[in-house]
Structures are given as C-alpha cells and as structure tokens.
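Participant: According to the numbering used here, the sequence shown is numbered sequentially starting from 1. Where is the CB? At the ideal position from N, CA and C, for every residue including glycine. Quick caveat, the model's predicted, so the values are computed rather than measured. Handing you this structure, nothing more for now.
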Amino acid sequence: MNSKQIVIGIDGGGTHTRVMVSDLDGNVLSYIERGSASIYKDEQATQNVHEAIAEALQMADRSCEHAQALVAGIAGYDDPSDLEWIAPLTELPGLTCPKWHVNDAVSAHSGALMTKPGIVVIAGTGSIITGITEDGQYIRNYDFHHYAASAARYISYDAVYETLAGHTNETDSKLIRLMLEHWNVSSINEFTAAAKRGFTEDRRERDKQFGEFAPFLTEAAEHGSSVAVRVCNRAIDQMKVGIELIASSFTSDEVAVTFIGSVVNSPYFYQALSGQLTAAGSNKRYAVVKPQFAPVTGSVLLALKNLSIPINEAIINNLRITAHSLNNK
1 MNSKQIVIGI DGGGTHTRVM VSDLDGNVLS YIERGSASIY KDEQATQNVH
51 EAIAEALQMA DRSCEHAQAL VAGIAGYDDP SDLEWIAPLT ELPGLTCPKW
101 HVNDAVSAHS GALMTKPGIV VIAGTGSIIT GITEDGQYIR NYDFHHYAAS
151 AARYISYDAV YETLAGHTNE TDSKLIRLML EHWNVSSINE FTAAAKRGFT
201 EDRRERDKQF GEFAPFLTEA AEHGSSVAVR VCNRAIDQMK VGIELIASSF
251 TSDEVAVTFI GSVVNSPYFY QALSGQLTAA GSNKRYAVVK PQFAPVTGSV
301 LLALKNLSIP INEAIINNLR ITAHSLNNK
C-alpha cells in the first residue's frame, strides 16, 4: 500500500469550513479552518473550501493524487438540486478521487455517535435534528416538515421582536443595553426606526449580525432576563418536540442524544434541554451523551468506511490523539 495515501474529511458549515487530512490508519496529518462553505452565507464559499483543501494538503505534505476518498458534510445540502452549487466546492485540479457530499448533519452524527444509533441535535449557525435508528434509518426533523427555530440568528430575531413589541420588564435592562450597543443605536425608538427599514439591506450581513448576538442572549437567560428566558424556552420546547418525533421510530427503550453547536451547548440551553429530556421526555428514556468526535472527524470516518476500511480501536485511538478531533464546533 502506498504510504502516502490519504482521505480528506470536510465539515462545511455556515460559519466555518474545517478540513482534515488523515492517512488510512487514522493518523491526522493536518487540520485547517477557514470561512463559510455556504453560498447563502458567503459569496466566497467555493474559494474558501478550495483554499482550505489546498492548504490542508500542503500542510500534510501530500498532493491531490494521494487522496483515495473525500467526504464533505455541507450545511444547506437538503435537496439533490443543491449539488449544483455543492459539487464545485470540491472540484480542484487533480482531485479525482471518489467524493461523497452529504448534509453536514450526517458528518456530525458520524463523529458524535460513531455511526451508532441515536439522535444528534445541532443548533449553532443552523439548526437540524437527525437520528439513525437501530435498523439504519436516517431521519431528520425536516422530514416531518418540522423546524426548531433554534439557530443563533433565529433566537436573536425573536428576542429583538419581543423587545420592540414592548414585552420587557426590569429584568431585561442589561439585555436591552447590550442590544442597543450591538446594533449601534442609542434608544429603542432609534432601534425601531432601523427595524422598520429592515435593519440592514443585505440579508447575509443582517443574518450575520443577528447570529453574533446569540451568545449575549443565552447568557442573559442564565441571569433571568424575561425576554431571553422566554425566547430560549420557546426554542428548547421546539427542539424537544423534534427529538421526540424522531425517537418514536426507535425500537429501544433508551435513546442516546448528543448536542452540537454553540447555541445548544450554551449553559442555559444545555442544562434546560438535557434536564427536560432526562426528567420528562416522551416516547423514550433519553441518555444525553458527549460527542465522541467533531463533525470534521466524522467525515474522515465516513471516508475510511467508504473505502471498506474497518473502523477498529487502533484507528479510533489514532484519531483521538489529535486535539482538533475534540468537538469544539
């Protein structure tokens, strides 16, 4: 076997693109993080991914011809027609190995639960809930036409609307101050005027600004802001329903659930959602577990699996020694 043979794993999110190069024994040779892989979030998405792949190969002292397989988990891959913009993300000169493009949730599930049955809740830049049942069914909350509005920008939009609608009290004073500072306005009246103009004309820029406010909101919920608590609890309720919808297709009495993303792993969301699932979850008992690996490592595992390479303890241990294999998405 050519000792220079490699696989390429990609986690293409709405905020970051992460690329990992591994040999066929699971030894990670390089890891690169660059900008968004979604054309809906960044006009430079294709360039971002191309540069990340090229840099990862260079760092690993490998070239395109050494690649045996590539798996790319891409945010926004929800329909076969999406391949029109997704396939070009990995079209580099000389990179002719077999390529698999999947939704980023598939890579996340592969890494978090090591392809074992369970449910993965993703809430960060985007939001999706996925499950793989004991008989191998891949189920998304989207399949039910259910959506949990728990992505960073959505909870921020919700909080701003609540505030502008006057649904506030004395517990919200700090949140309101942070909100005004974030949008660079001096008063609620000025903020309302900006809102009536649509905040910002460019949708990407507007969504980015709202998404960046989410950490302030989840922290405000921890400190008892009525607006933040109400908004976060609404999102948590929707996430719980999505989990329970998918869990109804499992045969086991207990289902493993893991969380990925900045919103669902914020202290308020994590404690509230995990507490509700373990104390009063419907359909099943739920075991909330920590992700084993990050989504980018999940893509590496899928690439190895697609080459019919058994995922044994040696490969798992080799992957574990790399700091970037930790789920820090």
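Considering only DSSP beta bridges, list what D11 is partnered with.
Facilitator: Note: D11 sits in a beta bridge opposite R18 and G73.
Participant: If I measure Cβ to Cβ from N27 and keep anything under 8 Å in the same chain, skipping five residues before and after, which residues do I get?
Facilitator: Hits under 8 Å: N318.
Participant: To the nearest angstrom, report how far apart A193 and F199 are at their CA atoms.
Facilitator: So the alpha carbons of these two residues sit roughly 9 Å apart.
Participant: Within 10 angstroms of its Cβ, does L366 collect 16 or more other Cβ (buried), or is it exposed?
Facilitator: Residue 366 lies beyond the range of the chain shown here (1 to 329); nothing can be said about it.
Participant: Indicate the three-state DSSP secondary structure (helix, strand or coil) for F191 in the structure shown.
Facilitator: Reduced to three states, the DSSP call for F191 is helix.
Participant: Are A75 and A37 close, meaning C-beta to C-beta below 8 Å?
Facilitator: Their beta carbons are under 8 Å apart, which means A75 touches A37 by this criterion.
Participant: By how many angstroms is the C-alpha of L304 removed from the C-alpha of I311?
Facilitator: Distance between the alpha carbons of I311 and L304: 8 Å.
Participant: Just how far apart, CA to CA, sit F293 and M114?
Facilitator: One C-alpha to the other measures close to 8 Å.
Participant: Determine the direct distance from the alpha carbon of L57 to that of S30, and round the result to whole angstroms.
Facilitator: Using only the alpha carbons, I get a separation of about 7 Å.
Participant: Which class does H89 belong to by DSSP, given the choice of helix, strand or coil?
Facilitator: Note that residue 89 is Leu in the sequence shown here, rather than His. L89: helix per DSSP, three-state reduction.
Participant: Just to confirm before moving on: does the CB-CB distance between W330 and N306 stay below 8 Å?
Facilitator: Outside the displayed span of the chain (1 to 329) sits residue 330, for which this structure offers no information.
Participant: Does F269 pass the burial test, meaning 16 or more other C-beta atoms within 10 Å, or should it be called exposed?
Facilitator: Buried: at least 16 other Cβ atoms inside 10 Å.
Participant: Using 8 Å as the threshold, is the segment 140 to 150 in touch with the segment 46 to 57, meaning 3 or more CB pairs across them?
Facilitator: Because the criterion of three Cβ pairs below 8 Å is not met, the segment 140 to 150 and the segment 46 to 57 do not touch.
Participant: Taking the C-alpha atoms as reference points, what is the distance between I10 and P88?
Facilitator: Between I10 and P88, the C-alpha separation is close to 14 Å.
Participant: Report all residues from its chain with a CB closer than 7 Å to the CB of E65; omit the five preceding and five following residues, and keep chain order.
Facilitator: Around E65: G94.
Participant: Check the DSSP bridge columns for H101 and list the partner residues they point to.
Facilitator: Answer is A72, bridged to H101.
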